[in-house]
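In the numbering used here, the protein residues as written are 55 to 200.
Cβ coordinates follow ideal geometry from the N, Cα and C atoms, glycine included.
None of these values were measured; they are calculated from a predicted model.
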Amino acid sequence: MDSKVERFLSQKEENEIVEAIRVAENETSGEIRIHIEKTTSIDVYERAMEVFHMLKMDNTKLQNGVLIYVAVEDKTFVIYGDKGINDVVADDFWDTTKDVIQSHFKQGQFKEGLVQGVLRAGKELKANFPWDASDINELPNEISNG
Numbered sequence: 055m056d057s058k059v060e061r062f063l064s065q066k067e068e069n070e071i072v073e074a075i076r077v078a079e080n081e082t083s084g085e086i087r088i089h090i091e092k093t094t095s096i097d098v099y100e101r102a103m104e105v106f107h108m109l110k111m112d113n114t115k116l117q118n119g120v121l122i123y124v125a126v127e128d129k130t131f132v133i134y135g136d137k138g139i140n141d142v143v144a145d146d147f148w149d150t151t152k153d154v155i156q157s158h159f160k161q162g163q164f165k166e167g168l169v170q171g172v173l174r175a176g177k178e179l180k181a182n183f184p185w186d187a188s189d190i191n192e193l194p195n196e197i198s199n200g
């Protein structure tokens, strides 16, 4: 892993984010992933779409995967939701979630920004895709790195 990415979050912070993902997914069939990489040579939204497919997030049964993609050196990030979740959230949901994350990032609170983004996405997923007994965790909860 690149040292710039390693410095972005400590192992303790990564563990806290993974726990937030676990908590957020505990009451929904939705899936949340975070992908962090040093930089991207293409448009950040296009790269987030590539990563979404690379992580097989487009394979969820209800199309309710949410990816938070971060390019550390570029100082940018994207929240990418699959069709199922995009069809049911309020029009401004992703923008307001991005604002929450960004306000923490601007203060250097990267872990807290990601945790808050995960919990907001989880709350929306729970409201629209509640967990039921047949649900399985379709994707791993760990943070992936590019």
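- Taking C-beta atoms as the reference points, A102 and V132 count as a pair closer than 7 angstroms.
- Inclusion of V120 and I90 in the CB contact set at 7 angstroms is not warranted, their separation being larger than that value.
- Taking 8 angstroms as the upper bound for CB-CB distance, I88 and I197 are in contact here, some 5 angstroms apart.
- D146 and Q65 have their C-alpha atoms some 33 angstroms from each other.
- Around the beta carbon of E73, fewer than 16 other beta carbons lie within 10 angstroms, which makes this residue exposed.
- Its Cα nearest to that of D128, the residue S95 stands out among T114, K115 and S95.
- E79 and N140 have their alpha carbons spaced roughly 17 angstroms apart.
- Residue state for T130 is assigned as strand, using DSSP reduced to three classes.
- When secondary structure is reduced to three states using DSSP, S157 falls in the helix class.
- The alpha-carbon of V105 is positioned some 25 angstroms away from that of G162.
- G138 is not a Cβ neighbour of N113, given a cutoff of 7 angstroms.
- For Y99, the CB contacts under 8 angstroms within the same chain, skipping 5 residues up- and downstream, are V132 and Y134 in chain order.
- Taking C-beta atoms under 8 angstroms as the contact rule, V142 and I75 fail to qualify, at a distance of about 20 angstroms.
- Distance between L168 and W185, taken at the CA atoms: about 22 angstroms.
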